[in-house]
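Participant: Once you've had a glance at the structure underneath, I'll fire off some questions.
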Amino acid sequence: MKSIKFLHISDLHRGGSWRVEPIGDHKDSAVSGLFAETIVSPMESDFIESIKQWQYNHGNIDAIVCTGDLGDKGNSSRIDEGVSFVHKIQEALGINTANVLICPGNHDADRGQSPELMFSGYCNALSKFSFTDHRTDDKPFFINGIPFVVVNTSLGAGEKSVFIRKYIELVNGLSDSDKRSFEEELNNAGVQYLDDSLDIPVVTNLQRQRIKKAISDTTSSFVVLVMHHNLLPCNMVEIRPYSSVIDAGKTLDDLMETQKDVLIVHGHVHFSSSSIIRRPDRMHCISSVGTGLFNGRTGSSINIVEVFCSDDGQHFITVVYEYIEQINGLQFNKSTSICDKIEKDSLDGVLSYFIDNPGIGAGFDEIRTAVGCSEKELLSTLLLNGSLFNISRNKSSNPSQWIIHRN
Ligand SMILES: [Fe+2]
611 MKSIKFLHIS
621 DLHRGGSWRV
631 EPIGDHKDSA
641 VSGLFAETIV
651 SPMESDFIES
661 IKQWQYNHGN
671 IDAIVCTGDL
681 GDKGNSSRID
691 EGVSFVHKIQ
701 EALGINTANV
711 LICPGNHDAD
721 RGQSPELMFS
731 GYCNALSKFS
741 FTDHRTDDKP
751 FFINGIPFVV
761 VNTSLGAGEK
771 SVFIRKYIEL
781 VNGLSDSDKR
791 SFEEELNNAG
801 VQYLDDSLDI
811 PVVTNLQRQR
821 IKKAISDTTS
831 SFVVLVMHHN
841 LLPCNMVEIR
851 PYSSVIDAGK
861 TLDDLMETQK
871 DVLIVHGHVH
881 FSSSSIIRRP
891 DRMHCISSVG
901 TGLFNGRTGS
911 SINIVEVFCS
921 DDGQHFITVV
931 YEYIEQINGL
941 QFNKSTSICD
951 KIEKDSLDGV
961 LSYFIDNPGI
971 GAGFDEIRTA
981 VGCSEKELLS
991 TLLLNGSLFN
1001 ISRNKSSNPS
1011 QWIIHRN
């Protein structure tokens, strides 16, 4: 049994110009110092303390997965600030530098540059803190034996502006200098025109080939895909320019041809809570709200994802601990499971075991033998019926060391 716990953060948007009521835009020099001192700093401490507390209760986190938009509008010092904060979290939690996986978001691309130079600032920021740039790996990166593949979906950053400007000119006959009036028209009509979102999210042919080969070559049947934009339709409806990659259909085809279970971990969406999707086509998805709380943006959250995976990767269970920002930092909100199969027979067996053996805790393996189910089935049963059972695991990820109690 392989297992991993990783912290999923995303969309830090450091240095972004979110407004903080009642003091307004914190980029305003009159309030920026005040903002940093009274809001950002305590929030950062609360944030890190909340995760440390989680570690204390649930066991060490093995890795950090950051799904992009560390900075804002491609500004290199903002990207530096974002990566520096990831480094701060990594040090506070005692996580190995090699176990920090980062992918770029559209805000980490310098939109004015050619595709070759667009991510120079991002790469420099990673190297300052000795983080590895996994964008072009032709093999998965393994943490605790579980394969991760990093994808850059931000190669189309800046492209959409070309189309929108053309649209403006064709439809309205306005030149660039008249753009403001067009924006005002849109605003008056209640349509948002966001200059900083003018990007086309795309995986690209070359990356699709690379990902498919990397995933096909692993012996594991379970792979984690790390990307900024969403690949799957999310289970929320919104009217904003936060779309899936434009070649999502082709990418899904390629992934499904590998016949593996793929857990897609992404950001970008800025929803009001994390979205967790399990699909019958073996493409599963965890999205993050965005950890932009340091810009005063509300509704931020993180995920702590725990994956249990059989040695051949054939069976896996993912438990997501979703944290939502509250008044005083981050508070535990709920846990959700994505599981490859729910075994009703197994649940009936475990319940009758406790009817026959009331009042005492029992070892995981003891119950498994008595019920006659597989390790995966018993894990699914316990994790998906959390209200019925209490697991004393003394921070161990090895189920053989767990003691199960019937609530
Ligand atoms: Fe984004």
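For what it's worth, our numbering labels the leading residue of the sequence shown as 611, then goes sequentially. Cβ coordinates follow ideal geometry from the N, Cα and C atoms, glycine included.
(1) Counting pairs of beta carbons, one from the stretch 758 to 765 and one from the stretch 713 to 728, are three or more of them closer than 8 Å?
(2) Straight-line CA distance for Asp-864 to Val-812?
(3) Just checking my contact of Val-879 with Asn-840 at CB under 8 Å: how many whole Å lie between their CB atoms?
(4) Considering only DSSP beta bridges, list what Arg-1016 is partnered with.
(5) Candidates Ser-897, Ser-730 and Gln-663: which alpha carbon is nearest Asp-718's?
(6) If you run the structure through DSSP and keep just helix, strand and coil, what is Pro-1009?
(7) Is His-618 close to ligand 1? I mean its beta-carbon at under 8 Å from any heavy atom of the ligand.
(8) By a C-beta neighbour count over all protein chains shown, 10 Å radius and 16 as the cutoff for buried, is Gly-969 buried or exposed?
(9) So, helix, strand or coil for Cys-895, using DSSP?
(10) Give the straight-line distance between the Cα atoms of Ile-912 and His-618, rounded to the nearest whole angstrom.
(11) Determine the closest residue to Ile-661 out of Phe-832, Thr-928, Gly-971 and Glu-701, with distance taken between C-alpha atoms.
(12) For Lys-612 and Val-834, what's the separation of their Cα atoms in angstroms?
(13) Short check: CB of Phe-657 to CB of Ile-753, under 9 Å?
(14) Alpha carbon to alpha carbon, what distance is there between Phe-832 and Asn-815?
(15) In this structure, does DSSP put Leu-765 in helix, strand or coil?
(16) So is the beta-carbon of Asp-720 under 8 Å away from any non-hydrogen atom of ligand 1?
(17) Buried or exposed for Ile-977, going by 16 or more other Cβ atoms inside 10 Å?
(18) Start and end of the alpha helix (DSSP H) containing Ala-708?
(19) Look up Asp-809 in the DSSP assignment and give the residues it is bridged to.
(20) Near ligand 1, which residues have their beta-carbon less than 5 Å from any of its heavy atoms, given in chain order?
(21) How many Å lie between Glu-659 and Ile-705 at the Cα?
(22) Quick check: what's the CA-CA separation for Val-960 versus Val-981?
(23) In angstroms, rounded to a whole number, what distance separates the CA positions of Phe-974 and Glu-985?
(24) Are there 16 or more other CB atoms within 10 angstroms of the CB of Ile-965, so buried, or fewer, so exposed?
(25) Under the rule that 16 or more other beta-carbon atoms within 10 Å means buried, what is Leu-727, buried or exposed?
(26) Cα-Cα, which of Val-693, Phe-751 and Gly-768 is closest to Tyr-732?
(27) What does the alpha-carbon distance come out to for the pair Ile-633 and Gly-625?
(28) Buried or exposed: which applies to Asn-709, given that a residue is buried once 16 or more other Cβ atoms fall within 10 Å of its Cβ?
(29) Among the candidates Asp-809, Asp-672, Lys-749 and Glu-916, whose CA atom is the shortest distance from the CA of Pro-725?
(30) Spatial neighbours of Ser-1002 within its chain, please: C-beta separation below 6 Å, excluding the five flanking residues on both sides.
(31) State the start and end residues of the unbroken alpha helix (DSSP H) segment that holds Asp-863.
Facilitator: From the atom records:
(1) Segments in contact, yes.
(2) Here residue 864 is taken as the residue at index 254 of the sequence shown, counted from 1. Here residue 812 is taken as the residue at index 202 of the sequence shown, counted from 1. Going from the Cα of Asp-864 to the Cα of Val-812 covers about 14 Å.
(3) For the purposes of this step, residue 879 is taken as the residue at position 269 of the sequence shown. For the purposes of this step, residue 840 is taken as the residue at position 230 of the sequence shown. About 6 Å separates the beta carbon of Val-879 from that of Asn-840, a gap short enough to meet the 8 Å contact definition.
(4) The residue labelled residue 1016 in the question sits at position 406 within the sequence shown. Its beta-bridge partners are Phe-999.
(5) In the sequence shown, residue 718 corresponds to position 108, counting from 1. Measuring from the Cα of Asp-718, the nearest candidate turns out to be Ser-730.
(6) Locating residue 1009 in the sequence shown gives position 399, counting from the first residue. If DSSP states are grouped into helix, strand and coil, Pro-1009 belongs with the helices.
(7) Here the question's residue 618 lines up with position 8 in the sequence shown. His-618 Cβ: outside cutoff for every heavy atom of ligand 1.
(8) As a working note, residue 969 is residue 359 in the sequence shown. Classification for Gly-969: exposed.
(9) Here residue 895 refers to the residue found at position 285 of the sequence shown. Three-state result, Cys-895: strand.
(10) As a first step, residue 912 must be located in the sequence shown, where it is residue number 302. As a first step, residue 618 must be located in the sequence shown, where it is residue number 8. Straight-line Cα distance between these residues: approximately 6 Å.
(11) Taking the first residue of the sequence shown as position 1, residue 661 is located at position 51. Residue Glu-701 holds the alpha-carbon nearest to the alpha-carbon of Ile-661 among Phe-832, Thr-928, Gly-971 and Glu-701.
(12) Indexing the sequence shown from 1 puts residue 612 at position 2. Indexing the sequence shown from 1 puts residue 834 at position 224. Taking the straight line from one Cα to the other gives about 14 Å.
(13) Locating residue 657 in the sequence shown gives position 47, where the first residue counts as 1. Locating residue 753 in the sequence shown gives position 143, where the first residue counts as 1. Not in contact: Phe-657 and Ile-753 (Cβ atoms no closer than 9 Å).
(14) As a first step, residue 815 is located in the sequence shown; it is residue number 205 there, counting from the start. As a first step, residue 832 is located in the sequence shown; it is residue number 222 there, counting from the start. Rounded to whole angstroms, the gap between the alpha carbons of Asn-815 and Phe-832 is 23 Å.
(15) As a first step, residue 765 must be located in the sequence shown, where it is residue number 155. Leu-765 falls in the coil class under three-state DSSP.
(16) For the purposes of this step, residue 720 is taken as the residue at position 110 of the sequence shown. No, the Cβ of Asp-720 stays beyond 8 Å of every heavy atom of ligand 1.
(17) The residue you call residue 977 lines up with position 367 of the sequence shown. In summary, Ile-977 is buried, with 16 or more beta-carbon neighbours lying within 10 Å of its beta-carbon over all protein chains present.
(18) Sequence index remark: in the sequence shown, residue 708 carries index 98 (1-based). Premise fails: Ala-708 is in no alpha helix (DSSP H) and is neither H nor E.
(19) The residue labelled residue 809 in the question sits at position 199 within the sequence shown. According to DSSP, residue pairing for Asp-809 in a beta bridge involves Ala-767.
(20) Those residues, listed in chain order, are Asp-679, Gly-715, Asn-716 and His-878.
(21) Residue 659 sits at position 49 when you count from the first residue of the sequence shown. Residue 705 sits at position 95 when you count from the first residue of the sequence shown. Cα to Cα, the separation comes out at about 15 Å.
(22) Along the sequence shown, one-based indexing puts residue 960 at 350. Along the sequence shown, one-based indexing puts residue 981 at 371. In this structure, the CA atom of Val-960 is about 6 Å from the CA atom of Val-981.
(23) The residue given as residue 974 occupies position 364 in the sequence shown. The residue given as residue 985 occupies position 375 in the sequence shown. If you take the alpha carbons of Phe-974 and Glu-985, they lie about 9 Å apart.
(24) Here residue 965 refers to the residue found at position 355 of the sequence shown. By the 16-neighbour rule on beta-carbons within 10 angstroms, Ile-965 is exposed.
(25) Here residue 727 is taken as the residue at index 117 of the sequence shown, counted from 1. Classification of Leu-727: exposed, given that the 10 Å Cβ count is below 16.
(26) One-based indexing of the sequence shown puts residue 732 at position 122. Ranking Val-693, Phe-751 and Gly-768 by Cα distance to Tyr-732 puts Val-693 first.
(27) Residue 633 sits at position 23 when you count from the first residue of the sequence shown. Residue 625 sits at position 15 when you count from the first residue of the sequence shown. Legend: pLDDT at Ile-633 = 46, less than 50; position of this residue unreliable, value from coordinates given subsequently. If I take the Cα positions, the gap works out to 16 Å.
(28) The sequence position of residue 709 within the sequence shown is 99, counting from 1. Burial call: buried.
(29) Taking the first residue of the sequence shown as 1, we reach residue 725 at position 115. The candidate whose alpha carbon is nearest that of Pro-725 is Asp-809.
(30) Here residue 1002 refers to the residue found at position 392 when the sequence shown is read from its first residue. If we look at Ser-1002 and ignore the five residues flanking it on each side, its Cβ neighbours are Ile-1013.
(31) Stepping through the sequence shown from its first residue, residue 863 is reached at position 253. Per DSSP, the unbroken alpha helix (DSSP H) holding Asp-863 starts and ends at 858 to 867.
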